[in-house]
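Engineer:
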Amino acid sequence: MNTMANQGATREATKLLIVDDLAENLRALNAVIRADDRVVYQATSGEEALALLLEHDFALAILDVQMPGMDGFELAELMRGTDKTRHIPIVFVSAAGKELNYAFKGYETGAVDFLYKPLDPDAVRSKVNVFVDLHCQRMEIRRRVEEQQATMNELRAAQEEMRYALRMRDEFMSMVAHELRTPLNTLFLETQMRKMQLDRGNLEAFAPDKLAGMVARDERQIQAMIRLIDDMLDVSRIRSGVLSIRPCDTELQEILRRLTADLARQAADAGTMFVLDAPVPVKGCWDEFRIEQVIINLLTNGLRYGGGKPVQVRLSASEREARIDVIDQGPGIAEDMQQRIFLPYERGQGNGVPSGLGLGLYISRQLAEAHQGTLTVQSKPGEGSVFTLTLPRGQAAGA
1 MNTMANQGAT REATKLLIVD DLAENLRALN AVIRADDRVV YQATSGEEAL
51 ALLLEHDFAL AILDVQMPGM DGFELAELMR GTDKTRHIPI VFVSAAGKEL
101 NYAFKGYETG AVDFLYKPLD PDAVRSKVNV FVDLHCQRME IRRRVEEQQA
151 TMNELRAAQE EMRYALRMRD EFMSMVAHEL RTPLNTLFLE TQMRKMQLDR
201 GNLEAFAPDK LAGMVARDER QIQAMIRLID DMLDVSRIRS GVLSIRPCDT
251 ELQEILRRLT ADLARQAADA GTMFVLDAPV PVKGCWDEFR IEQVIINLLT
301 NGLRYGGGKP VQVRLSASER EARIDVIDQG PGIAEDMQQR IFLPYERGQG
351 NGVPSGLGLG LYISRQLAEA HQGTLTVQSK PGEGSVFTLT LPRGQAAGA
């Protein structure tokens, strides 16, 4: 029966294997080589030893040569033929006289030493100490190599992350320049047209009704730039942990009615419309400004990727939480993209609606989580998408 002589050894203890068909020989050898930092495994046959060798990583195997069945030499040959055990040093022990030349055969089968009985305890203990020290050194070298490899992997990952960050920074700056240039170009052309009218003395171009249209167009372009700047500031606040949430009594039905009405012109420009299903008022304790920000992002996202088909907005509630579903009939989102769209700077192919910086869904999810809520998506390619905002109706937590 297999036993461990040193029951108090730790998991990091060095493992030794001794094999002999005589129990008294095992007890005697175990008494010589045991120590607090070692675990000594015992086997009474070659078959028993093989089972232990396949299960454990031994620093040394001490094999009796003359055993019934599989002898020590046959066991050594099997060990040398297996990847897991071929590196284990083998010391043979024999009671036969030196004239039988067992030592030569032992070295031929891969032994590192050959001992004759009766054993000299001091010599055995010294030899075992050498092999234990060598094993510990090998393990330390292996550990250091693994640590170095792990460090190299971390460095490569950090370098890759740095390259990605630099690439994203360049792409982000390019997007910012492009998105800001559009409203700026419109404003510039408007001012050029007005200057030309003034130079010609055509004051009719500035009649009250026409002037009101000019102001409205200017306001739209300025608001577009403000939204872009606000998005960039929000990302900075989120990453630095200073985004604030100021909850107060808020009602969602009126917010949805107002925002869908405000964005009706934008929906018409995209060739579609909103279908609002909000039959009852739903009250809770939320930051009204931030919740409006999330809803606007979801509504414009529905217009952008809804394929020009009506976007349904549905409000429902239970005692514990409120829920807003924004349902589009667009091309849908592949499963592997359904988490990526909530990352910053991820943008899809839109429907003629300005695509922004790819920050809307990222900021919206962060704002939902700051309210202890969630923002999720369910979608299948070809079947549209459902974005769901859930908000607990109790006290919101500040971010």
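Counting from 1, one number per residue, gives the positions in the sequence shown under full-length UniProt numbering.
Yeah, the Cβ is synthetic: ideal placement off N, Cα and C, and Gly gets one too.
#1: What's the C-alpha gap between glutamate 319 and glutamine 312?
#2: Can you find the residues in the same chain that come closer than 7 Å, C-beta to C-beta, to alanine 49, ignoring five residues on each side of it along the sequence?
#3: Would you be able to state if there are at least three C-beta pairs under 8 Å between the region 215-229 and the region 253-261?
#4: Look up alanine 59 in the DSSP assignment and say whether it is helix, strand or coil.
#5: Tell me phenylalanine 274's beta-bridge partners as DSSP assigns them.
#6: How is the beta strand (DSSP E) around alanine 43 delimited, first residue to last?
#7: Just the C-alpha distance for arginine 156 and aspartate 269, rounded to the nearest angstrom, thanks.
#8: Can you give me the Cβ contacts of arginine 314 inside the same chain, cut-off strictly under 6 Å, excluding the 5 residues immediately before and after it?
#9: For lysine 283, which residues does DSSP report across the bridge?
#10: To the nearest angstrom, how far is it from the Cα of alanine 123 to the Cα of aspartate 21?
#11: Could you pull the start and end residues of the alpha helix (DSSP H) that phenylalanine 206 belongs to?
#12: Could you tell me which residues DSSP puts in a beta bridge with proline 392?
#13: For the ligand GDP, I want to know if arginine 257 counts as a neighbour, meaning its beta carbon is within less than 8 Å of at least one of the ligand's heavy atoms.
#14: Quick one: grab the DSSP three-state call for glutamine 378.
#15: Short check: CB of isoleucine 90 to CB of methionine 79, under 9 Å?
#16: Helix, strand or coil, according to DSSP, for lysine 117 in the structure here?
#17: Below 9 Å between beta carbons: does that hold for residue 406 and valine 282?
#18: Does the distance from the CB of residue 406 to the CB of leucine 243 come in under 9 Å?
#19: Is there a Cβ of chain C sitting closer than 9 Å to that of tyrosine 305, yes or no?
#20: Keeping to the same chain, check which residues put their C-beta closer than 6 Å to that of phenylalanine 387; ignore five residues upstream and five downstream.
Structural biologist: Per the coordinate set shown:
#1: 23 Å
#2: Leu17, Val19, Ala43 and Leu75
#3: no
#4: coil
#5: Val311
#6: 38-43
#7: 48 Å
#8: Asp277 and Asp325
#9: Glu251
#10: 22 Å
#11: Where phenylalanine 206 is concerned, there is no enclosing alpha helix (DSSP H), given that its DSSP letter is neither H nor E.
#12: Glu321
#13: Of the ligands one can find in the structure shown there are none, so the ligand GDP has no counterpart to examine.
#14: strand
#15: yes
#16: coil
#17: The structure shown does not extend to residue 406, since the chain is modelled only from 1 through 399, so no value can be given for it.
#18: It is not possible to answer for residue 406, since the shown part of the chain is limited to 1 through 399.
#19: In summary, chain C is missing from the structure at hand, where a single protein chain is found.
#20: Leu298, Val326 and Val377
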